[in-house]
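Here the structure is laid out as structure tokens; the discussion comes afterwards.
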Amino acid sequence: MQPIPFLDLKGQHQALRTEIDAAIAGVLERGQFILGPEVAAFEAEFARYTGAADGVAVASGTDALHLALRACDIGPGDEVITVAHTAGATVAAVVMAGARPVLVDIDPRSYTIDPEQVARHITPRTRAILPVHLYGQAVDLAPLLDLAHRHGLRVIEDCAQAHGAEYRGRRVGGWGDLGCFSFYPTKNLGALGDAGMVVTSDPALADRLRLLRQYGWRERDRAVLHGYNSRMDELQAAVLRVKLRHLDAWTARRRELAQRYRHLLGESGVALPDALPYGLHVYHLFVIRSPRRDALRQHLSEQGIGAMVHYPVPVHLQEAYRGLGLGPGALPISERSAGEILSLPLHPELADAAVERVAALVREFHTRTEG
Numbered sequence: 008m009q010p011i012p013f014l015d016l017k018g019q020h021q022a023l024r025t026e027i028d029a030a031i032a033g034v035l036e037r038g039q040f041i042l043g044p045e046v047a048a049f050e051a052e053f054a055r056y057t058g059a060a061d062g063v064a065v066a067s068g069t070d071a072l073h074l075a076l077r078a079c080d081i082g083p084g085d086e087v088i089t090v091a092h093t094a095g096a097t098v099a100a101v102v103m104a105g106a107r108p109v110l111v112d113i114d115p116r117s118y119t120i121d122p123e124q125v126a127r128h129i130t131p132r133t134r135a136i137l138p139v140h141l142y143g144q145a146v147d148l149a150p151l152l153d154l155a156h157r158h159g160l161r162v163i164e165d166c167a168q169a170h171g172a173e174y175r176g177r178r179v180g181g182w183g184d185l186g187c188f189s190f191y192p193t194k195n196l197g198a199l200g201d202a203g204m205v206v207t208s209d210p211a212l213a214d215r216l217r218l219l220r221q222y223g224w225r226e227r228d229r230a231v232l233h234g235y236n237s238r239m240d241e242l243q244a245a246v247l248r249v250k251l252r253h254l255d256a257w258t259a260r261r262r263e264l265a266q267r268y269r270h271l272l273g274e275s276g277v278a279l280p281d282a283l284p285y286g287l288h289v290y291h292l293f294v295i296r297s298p299r300r301d302a303l304r305q306h307l308s309e310q311g312i313g314a315m316v317h318y319p320v321p322v323h324l325q326e327a328y329r330g331l332g333l334g335p336g337a338l339p340i341s342e343r344s345a346g347e348i349l350s351l352p353l354h355p356e357l358a359d360a361a362v363e364r365v366a367a368l369v370r371e372f373h374t375r376t377e378g
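One gets our numbering by counting positions in the sequence shown from 1 and adding 7 to each.
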């Protein structure tokens, strides 16, 4: 039988080829390639999509997080509370800013930051809470926003996997002081390379972000603060503008496929992702849990199914972060999840028949191993 890859970016781009080719041709015709009209238009369109007042396009999702922290003047001596169960970029951005990441455990249902754990780790050095809307699931933001208000903290949302996800009827990104998005090619809204954006409704923060992304220049060759080089190029913005028009349809298809998986795997012996009532899950990843995860993954691989693990080693157990002083057992829910999670193929181009085949193989594995 035909293999089922984890992702099919080629198929997505072939479906949009006419639109994308025209967008790229327009950029080439104008001959302006950095921070031009396509970037400005995409900033406005994507900010409006999230419900924020302003968007500042940058070179990557990691830069979006880093510059968001710097825009809040967070640096050496400061602490930022976030999670270890995330892509390494989240924590790397805190370190890039010179601050200390304080890693806490996750809620076992949502795989996102546990507000009770956040409350226990606030100190006089805490400057920000950095929740990660993981796998397409929104964080329960209300208790975090309350904590931030009571302690005078910033809330910086990591929305890299949650384009279009909703919390209490509003899209993520516009709830905190700043919302940070990645447009890495594999994201729900992906560029043809690296790109990112910070959205905010605070004009002072937006102004500071624009300075930080380009050397601190208020005008060319006149820096008013220490800045960086983190600029989205026109080609990426043009492609992203095309794709943004299709994002809601893609999200609807992801949710349809997720429901199909739920129906087929309801009594399979694996734990399914919770769709929590406060939000709208956009299923960047469809993540199941199995105590025999590695054997299940091998079984799927032998049948040509591309399943992946996001993320196999929590950040606090990685070599680079041993200095944080968190050894095995420090974050038990994160550690257990890391040993059991498995991401099944799910993307808008996936056929119903592919979902049925993957689900049948998962059921087959658990029937055989339990018997």
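From the three backbone atoms N, C-alpha and C, an ideal C-beta is built for every residue, glycine too.
Burial state of residue i (16 or more Cβ within 10 Å)
{"i": "Met204", "result": "buried"}
{"i": "Ile41", "result": "exposed"}
{"i": "Leu35", "result": "exposed"}
{"i": "Asp70", "result": "buried"}
{"i": "Arg134", "result": "buried"}
{"i": "Ser350", "result": "buried"}
{"i": "Glu363", "result": "exposed"}
{"i": "Thr89", "result": "buried"}
{"i": "Thr25", "result": "exposed"}
{"i": "Gly176", "result": "exposed"}
{"i": "Gly68", "result": "buried"}
{"i": "Gly84", "result": "exposed"}
{"i": "Pro1", "result": "Residue 1 lies beyond the stretch modelled for the chain, which goes from 8 to 378, so this question has no answer here."}
{"i": "Gly62", "result": "buried"}
{"i": "Gln19", "result": "buried"}
Residues bridged to residue i [DSSP beta-bridge criterion]
{"i": "Tyr174", "result": "Arg177 and Gly286"}
{"i": "Asp70", "result": "None; Asp70 has no bridge partner."}
{"i": "Gln221", "result": "Asn236"}
{"i": "Gly330", "result": "Answer is none; Gly330 lacks a bridge partner."}
{"i": "Leu349", "result": "Ile295"}
{"i": "Val46", "result": "Paired residue(s): none; Val46 is not in a bridge."}
{"i": "Gly203", "result": "Val65 and Ser189"}
{"i": "Leu316", "result": "For the sequence presented, residue 316 should be read as Val rather than Leu. Bridge partners of Val316: none, in fact."}
{"i": "Val90", "result": "Val111"}
{"i": "Glu226", "result": "Arg229"}
{"i": "Asp165", "result": "Val139 and Cys187"}
{"i": "Thr133", "result": "Glu86"}
{"i": "Ile41", "result": "Asp240"}
{"i": "Ala366", "result": "For Ala366, which the question treats as bridged, DSSP gives no partner whatsoever."}
{"i": "Ala54", "result": "DSSP, once it has assigned bridges, lists no residue as partnering Ala54."}
{"i": "Ala278", "result": "Arg296"}
Distance CB(residue i)-CB(residue j) smaller than 7 Å
{"i": "Ala75", "j": "Ile163", "result": "yes"}
{"i": "Ala30", "j": "Val249", "result": "yes"}
{"i": "Phe190", "j": "Leu141", "result": "no"}
{"i": "Ile136", "j": "Ala155", "result": "yes"}
{"i": "Leu110", "j": "Ala91", "result": "yes"}
{"i": "Asn195", "j": "His170", "result": "yes"}
{"i": "Gly58", "j": "Arg217", "result": "no"}
{"i": "Arg220", "j": "Val65", "result": "yes"}
{"i": "Gly313", "j": "Phe49", "result": "no"}
{"i": "Glu45", "j": "Ala244", "result": "yes"}
{"i": "Asp209", "j": "Thr97", "result": "no"}
{"i": "Pro280", "j": "Ile11", "result": "no"}
{"i": "Val101", "j": "Ile120", "result": "no"}
{"i": "Val206", "j": "Gly180", "result": "yes"}
{"i": "Ala104", "j": "Ile81", "result": "yes"}
{"i": "Val289", "j": "Thr258", "result": "yes"}
Nearest neighbour of residue i, chosen from the options [CA to CA]
{"i": "Leu152", "options": "Gly143, Arg132 and Tyr174", "result": "Tyr174"}
{"i": "Pro298", "options": "Val322, Arg24, Ala60 and Glu347", "result": "Glu347"}
{"i": "Gln144", "options": "Asp214, Tyr285, Asp80 and Gln325", "result": "Tyr285"}
{"i": "Leu212", "options": "Gln168, Asp255 and Cys79", "result": "Cys79"}
{"i": "Ser275", "options": "Ala361, Val369 and Ala245", "result": "Val369"}
{"i": "Ala167", "options": "Arg157, Arg161, Gly186 and Gly181", "result": "Gly186"}
{"i": "Leu251", "options": "Asp15, Pro10 and Ile27", "result": "Ile27"}
{"i": "Ala99", "options": "Val322, Gly62, Pro339 and Ala366", "result": "Val322"}
{"i": "Lys17", "options": "Leu254, Ala172 and Thr193", "result": "Thr193"}
{"i": "Ala367", "options": "Glu326, Leu307 and Pro339", "result": "Leu307"}
{"i": "Pro371", "options": "His291, Val277, Ala360 and Ala256", "result": "Checking the displayed sequence, the identity of residue 371 turns out to be Glu instead of Pro. Nearest of His291, Val277, Ala360 and Ala256 to Glu371, Cα basis: Val277."}
{"i": "Asp15", "options": "Val231, Arg375, Ala361 and His373", "result": "Ala361"}
{"i": "Arg329", "options": "Leu148, His20, Pro108 and Gln39", "result": "Pro108"}
{"i": "Asp255", "options": "His291, Gly223, Ala32 and Arg227", "result": "His291"}
{"i": "Leu283", "options": "Ala172, Leu324 and Ala230", "result": "Ala172"}
{"i": "His373", "options": "Gln325, Gly273 and Arg161", "result": "Gly273"}
{"i": "Pro131", "options": "Ala327, Val365, His158 and Arg227", "result": "His158"}
{"i": "Arg77", "options": "Ala149, Gly223 and Gln9", "result": "Gly223"}
Residue i beta carbon near the ligand MN (any heavy atom closer than 6 Å)
{"i": "Thr97", "result": "Within the structure as shown, the ligand MN is missing, as the structure has no ligands at all."}
task: Evaluate the contact criterion for the stretch 184-200 versus the stretch 307-325: three or more CB pairs, one atom per stretch, below 8 Å.
output: no
- prompt: Do three or more CB pairs link the stretch 338-358 to the stretch 113-126 at distances below 8 Å?
  reply: yes
task: Take every Cβ of the stretch 263-275, pair it with every Cβ of the stretch 233-248, and state whether three or more of those distances are shorter than 8 Å.
output: no
query: Are three or more beta carbon pairs between the stretch 296-305 and the stretch 49-56 nearer than 8 Å?
result: In this structure the stretch 296-305 does not touch the stretch 49-56; the number of beta carbon pairs closer than 8 Å is below three.
- prompt: With contact counted as at least three CB pairs below 8 Å, one residue from each stretch, are the stretch 323-341 and the stretch 264-279 in contact?
  reply: Taking 8 Å as the limit for Cβ pairs, the verdict is that the stretch 264-279 does not touch the stretch 323-341.
query: So does the stretch 349-361 actually touch the stretch 119-126, counting three or more Cβ pairs closer than 8 Å?
result: Output reads no: the stretch 119-126 does not touch the stretch 349-361.
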